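Participant:
2 protein chains.
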Amino acid sequence: MAEDKSEMLKGTLDMLILKVVALGPIHGYAISQRIQQISKEFFQVQQGSLYPALHRLENRGWLEAEWREASSGREAKFYKLTKKGRKQLEAEVLNWARLSDAVALILRTAE
Amino acid sequence: MAEDKSEMLKGTLDMLILKVVALGPIHGYAISQRIQQISKEFFQVQQGSLYPALHRLENRGWLEAEWREASSGREAKFYKLTKKGRKQLEAEVLNWARLSDAVALILRTAE
DNA sequence: CTTGACACCTAGAACAGCTAGGCATATATG
DNA sequence: CATATATGCCTAGCTGTTCTAGGTGTCAAG
Chain A
78 MAEDKSEMLK GTLDMLILKV VALGPIHGYA ISQRIQQISK EFFQVQQGSL
128 YPALHRLENR GWLEAEWREA SSGREAKFYK LTKKGRKQLE AEVLNWARLS
178 DAVALILRTA E
Chain B
78 MAEDKSEMLK GTLDMLILKV VALGPIHGYA ISQRIQQISK EFFQVQQGSL
128 YPALHRLENR GWLEAEWREA SSGREAKFYK LTKKGRKQLE AEVLNWARLS
178 DAVALILRTA E
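Quick look at the structure:
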């Protein structure tokens with residue numbers, strides 16, 4: 078429980094999903110792959126975290142879903158940002174900046 | 078639940094506490110004030126988050142407690158880092174750096 | 001024909017952080 | 001004197017996120 082990779086997302090998952098979806102319509106499975114790839118394998122979004130998060134974001138009106146054909150030729154659920162979702166992303170990015178600044182302040186404090 | 082200040086700590090609380098305690102023995106109540114002050118009021122550690130966290134850290138052997146007289150003249154529980162706690166702090170700081178780097182990678186991705 | 005990648009999903013557990021209480025003492029204020 | 005405020009400790013119980021661990025089904029490759 079101490080040094081494993083679990084609980085790495087620490088509440089950033091929603092923001093990361095919103096950001097990746099903001100890059101263009103994309104389906105769930107691909108979102109997790111993209112997050113993993115862009116973060117150079119740091120984040121590994123489990124499906125059990127991913128799908129509930131997507132439904133959460135959709136329920137809050139930040140994402141919209143539509144079934145379409147994926148590049149694989151099979152049906153997949155494509156998500157895109159709503160206007161509210163874009164605002165939410167902005168807010169979360171701003172808040173992340175403030176949060177990491179605040180953390181940095183504390184970590185840099187010397188006695 | 079969207080824009081309020083709750084759930085700001087996002088798993089960083091343990092690290093922040095360890096860091097503040099690393100600056101020198103300090104009691105619980107003062108830890109939360111110090112975090113708030115250094116972070117320029119960004120973090121407001123509720124007592125219901127603080128004390129369970131302190132007990133958690135103590136149980137894991139990262140902190141040691143001792144009752145002493147506070148500057149106010151009253152008894153308070155002073156915490157200091159153990160050797161394990163120092164290692165843990167290092168690990169968490171390193172991990173935080175990796176995490177925020179990974180987030181930055183994703184947030185900076187343009188289409 | 002069976003394995004692995006793709007693509008979706010859920011239930012239940014674990015855990016962190018919050019709200020909202022509680023206790024006790026000291027000091028300041030009306 | 002009463003009472004509010006600050007100090008200083010604590011817990012129970014709720015909520016929300018993430019994980020583990022399962023499940024469904026299709027398609028391509030070997």
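From first to last, the protein sequence lines are chains A and B.
By our numbering, the letter at position 84 of the first sequence is numbered 161, and the numbering carries on one by one without gaps.
By our numbering, the letter at position 96 of the second sequence is numbered 173, and the numbering carries on one by one without gaps.
We treat Cβ as the ideally placed atom computed from N, Cα and C, and that holds for glycine.
Please read these numbers as outputs of a predicted model, since none were measured by experiment.
Kindly identify the DSSP beta-bridge partner or partners of A/Arg103.
Facilitator: Position 26 of the first sequence holds residue 103 of chain A. Note on identity: in this sequence residue 103 of chain A is Ile, with Arg being the wrong assignment. Looking at the DSSP assignment, A/Ile103 forms a beta bridge with A/Tyr156.
Participant: Considering only the beta carbon of each residue, do A/Leu131 and A/Ile103 sit closer than 8 Å?
Facilitator: As a working mapping, residue 131 of chain A is identified with position 54 in the first sequence. As a working mapping, residue 103 of chain A is identified with position 26 in the first sequence. The answer is no: Cβ separation not under 8 Å.
Participant: Check the Cβ-Cβ distances between A/Phe119 and every residue of chain B, and say whether any is below 8 Å.
Facilitator: Counted from its first residue, the first sequence places residue 119 of chain A at position 42. Closer than 8 Å to some Cβ of chain B, the Cβ of A/Phe119 qualifies, so yes.
Participant: Can you give me the start and stop residues for the beta strand (DSSP E) that A/Glu188 sits inside?
Facilitator: Within the first sequence, numbered from 1, the residue matching residue 188 of chain A stands at position 111. Premise fails: A/Glu188 is in no beta strand (DSSP E) and is neither H nor E.
Participant: Considering Cα atoms alone, identify which of B/Pro129, B/Gly101 and B/Gly138 is closest to A/Thr186.
Facilitator: Working through the first sequence from its first residue, we reach residue 186 of chain A at position 109. Nearest C-alpha to A/Thr186: B/Gly101.
Participant: Give the straight-line distance between the Cα atoms of A/Arg175 and A/Glu169, rounded to the nearest whole angstrom.
Facilitator: Walking along the first sequence from the start, residue 175 of chain A turns up at place 98. Walking along the first sequence from the start, residue 169 of chain A turns up at place 92. Distance between the alpha carbons of A/Arg175 and A/Glu169 is about 10 Å.
Participant: Based on DSSP bridge pairs, tell me the residues matched to B/Glu169.
Facilitator: Residue 169 of chain B sits at position 92 when you count from the first residue of the second sequence. DSSP output for B/Glu169 lists no bridge partner at all.
Participant: If we cut at 8 Å on Cβ distances, does A/Leu90 have a partner in chain B?
Facilitator: Here residue 90 of chain A refers to the residue found at position 13 when the first sequence is read from its first residue. No, A/Leu90 lies away from the interface with chain B (no Cβ there is under 8 Å from its Cβ).
Participant: At a Cβ cut of 8 Å, what residues of the region 96 to 123 of chain A count as close to chain B, listed as they run along the chain?
Facilitator: So the list reads Lys96, Val97, Leu100, Gly101, Ile112, Ile115, Ser116, Lys117, Phe119 and Phe120, given in the order they occur along the chain.
Participant: So, does the CB of B/Ala142 fall closer than 8 Å to a CB anywhere in chain A?
Facilitator: For this step, residue 142 of chain B is matched to residue 65 along the second sequence. For B/Ala142, the answer is no, since every Cβ of chain A falls outside 8 Å of its Cβ.
Participant: So which residues of chain A does B/Leu184 contact, with C-beta pairs closer than 7 Å?
Facilitator: Within the second sequence, numbered from 1, the residue matching residue 184 of chain B stands at position 107. Simply Lys96 and Val170.
Participant: DSSP on A/Arg145, reduced to helix/strand/coil?
Facilitator: Mapped onto the first sequence, residue 145 of chain A falls at position 68. Three-state DSSP puts A/Arg145 in a strand.
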